[in-house]
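Data first, discussion second: the structure below is written as structure tokens.
Take a look at the structure:
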């Protein structure tokens, strides 16, 4: 399951929310503005019925804690269906097992984003 920004949202907030913005508002969080998030878009992958977008930014706190900050957003019928942040601590074991750890290098961010979007 994809987690929302800044960790999982309590399940009781998910039941009656009509949109992700409603859920975030109920949890006291805010979603990034569309223009801001588009600025960091690295890759978009169509995988019917969903579209996956990978952004090279998560939040300002993560920039200080991690060197790799990717946000994967899942869209279904044009509406955001889920979002999960990934950092090197989660990606490194997976990439190491597949022999692709070199993708964590700063110059390989676009390639890493494409690999993450397809998996």
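Numbering (this note's numbering), first residue to last: 23 to 141. Here a beta-carbon is modelled for each residue, glycine too, at the ideal position from N, C-alpha and C. Computed from a predicted structure; not experimentally measured.
Query	Result
Check whether the segment 62-71 touches the segment 120-128, counting contact only when three or more Cβ pairs, one atom from each stretch, lie closer than 8 Å.	no
What are the complete beta strand (DSSP E) segments, minimum 3 residues, inside the segment 64-112?	72-77, 91-98, 101-109
Quick check on this structure: which residue in 73, 109, 85 has the alpha carbon closest to the alpha carbon of residue 99?	73
Can you find the residues in the same chain that come closer than 7 Å, C-beta to C-beta, to residue 90, ignoring five residues on each side of it along the sequence?	109, 110, 113, 126
Straight-line CA distance for residue 75 to residue 87?	23 Å
Give the DSSP-derived three-state secondary structure of residue 137 in the structure shown.	helix
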